[in-house]
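Letter by letter, the sequence shown follows residues 492 to 827 of my numbering. Don't be surprised by glycine CBs; every beta carbon is placed ideally from N, CA and C. Note that the structure is predicted; figures quoted are calculated from it, not measured.
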Amino acid sequence: MAGKSGREINAVPQSSVKQKILSWEGGLVIIFIAVLILGAAISPTYNFSSVFREMPKYLCEIFMMFAMGYILIIAEIDISVGAIVCLAATLGCFAGNAGVPLAGVIAVCIGTGFLAGCLNGVILTHFTELPSMIVTLGTQIIFRGIAEVSLGSGGSVSMSNSKMIMPLATMVGPFPLVFFFVAIAAVIFIFVLSRTTFGRKLYAVGSNHTAAHYAGIPVQKIRMICFVLIGTMAGVCALFYLSTTFGANTTTGQGYEMDVIAMCVFGGIATTGGKGNLIGATIAGFTIVCLRIALGQRNINTQLILVIIGLLLIVSVLIPRISEVLGNRKRRAAQS
Numbered sequence: 492m493a494g495k496s497g498r499e500i501n502a503v504p505q506s507s508v509k510q511k512i513l514s515w516e517g518g519l520v521i522i523f524i525a526v527l528i529l530g531a532a533i534s535p536t537y538n539f540s541s542v543f544r545e546m547p548k549y550l551c552e553i554f555m556m557f558a559m560g561y562i563l564i565i566a567e568i569d570i571s572v573g574a575i576v577c578l579a580a581t582l583g584c585f586a587g588n589a590g591v592p593l594a595g596v597i598a599v600c601i602g603t604g605f606l607a608g609c610l611n612g613v614i615l616t617h618f619t620e621l622p623s624m625i626v627t628l629g630t631q632i633i634f635r636g637i638a639e640v641s642l643g644s645g646g647s648v649s650m651s652n653s654k655m656i657m658p659l660a661t662m663v664g665p666f667p668l669v670f671f672f673v674a675i676a677a678v679i680f681i682f683v684l685s686r687t688t689f690g691r692k693l694y695a696v697g698s699n700h701t702a703a704h705y706a707g708i709p710v711q712k713i714r715m716i717c718f719v720l721i722g723t724m725a726g727v728c729a730l731f732y733l734s735t736t737f738g739a740n741t742t743t744g745q746g747y748e749m750d751v752i753a754m755c756v757f758g759g760i761a762t763t764g765g766k767g768n769l770i771g772a773t774i775a776g777f778t779i780v781c782l783r784i785a786l787g788q789r790n791i792n793t794q795l796i797l798v799i800i801g802l803l804l805i806v807s808v809l810i811p812r813i814s815e816v817l818g819n820r821k822r823r824a825a826q827s
């Protein structure tokens, strides 16, 4: 469109390369590259081949990260996902040992996650005054308790016919099969969030539940969908977990909820709801996976890895707050 001066004025402002680099996602790409360089520096065996070979045991968490992004955007939280993975993996093992074919094991794992997500969603949408953290804390104890009772005194179960589930852990060229499933899930979840009416409704609900309700958005229906979705993704996670470990125990999935929340928050999704996107969260997820692999190849204590992830989580929460404070100070200084 031409202005009075005769110059062309773009209807949509064009973002510069500098702005893209200085964006949260741009910073994450730089950090991701730095992690790859760090891994190659500290481990002589750290290369693309070894990273893709070790990825399957970590990538399964990213399935839950996509759905957790939706949960955080609507200003909710689900800390029962690790326990759902434990229960789904346990029941999947029992099904496989009972002679159920691969299709049946897939149905058991995903179905368990779906039902667990339904339980969380039904409670939270029928008793709207209850906070999601408390409800999912309670169901976390229930789901893991059921798994522990099922496992009995041994506390673990192994698949007697591990060859049945091995096809899910096959390599397609240099890439593990799960990598392609994660890529497909990423495209779907990112597209839905950024390009559909449902995605815009998620942001509206997260920004203000009451305003969204009066605007005609079915808030409780959307909450239900999100909790069912993350439960289902936990079932998918359990399925691919089984394909690499061929068993489950009482500690299966422990800490997964913190891992996926860290991926989301490190990726720029606000815990207060209504902000963030899954592009940044996906980059953050792969950054944490590659960091885990690099430190694991150097036999770094797993507890230290958890400390590093915890620090990343704290820093990613503090940075927006610090930026906001500095921005307010600059505005006040400019006005005075």
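Look at the beta carbons and you see the segment 647-665 touching the segment 579-590: at least three pairs across the two are nearer than 8 Å.
Counted as a single uninterrupted DSSP element, the stretch harbouring ASN538 is not any alpha helix (DSSP H), since DSSP gives it neither H nor E. Comparing alpha carbon positions, the residue from VAL806, ALA638, ILE799, MET624 closest to THR603 is ALA638.
Counted as a single uninterrupted DSSP element, the alpha helix (DSSP H) harbouring GLY604 occupies residues 593-617. Rounded to the nearest whole angstrom, the C-alpha separation of ASN588 and PHE737 is 11 Å. The criterion of a C-beta distance shorter than 7 Å is not satisfied by PHE731 and CYS577. The C-beta distance from GLY746 to GLY518 rounds to 26 Å, too long to fall under 8 Å, and the pair is not in contact.
If you draw a straight line from the Cα of THR627 to the Cα of ALA753, it is about 17 Å long. Fully contained in the segment 612-681 are the following beta strand (DSSP E) runs of length 3 or more, in chain order: 647-649.
Residues CYS600, THR603, GLY604, GLY726, ALA729 of the same chain have their beta carbon placed closer than 6 Å to that of ALA579, with the five preceding and five following residues left out of the count. LEU786 is the residue among LEU786, VAL816, ILE799, MET655 whose C-alpha sits nearest the C-alpha of GLY530.
The beta carbons of GLU567 and SER623 sit closer together than 7 Å.
DSSP places GLY738 in the strand class (E or B) of the three-state scheme. Under the Cβ criterion (8 Å, minimum of three pairs), the segment 690-698 does not count as touching the segment 534-554. Around the beta carbon of LEU733, 16 or more other beta carbons lie within 10 angstroms, which makes this residue buried. Less than 7 Å divides the Cβ of ILE575 from the Cβ of ALA607.
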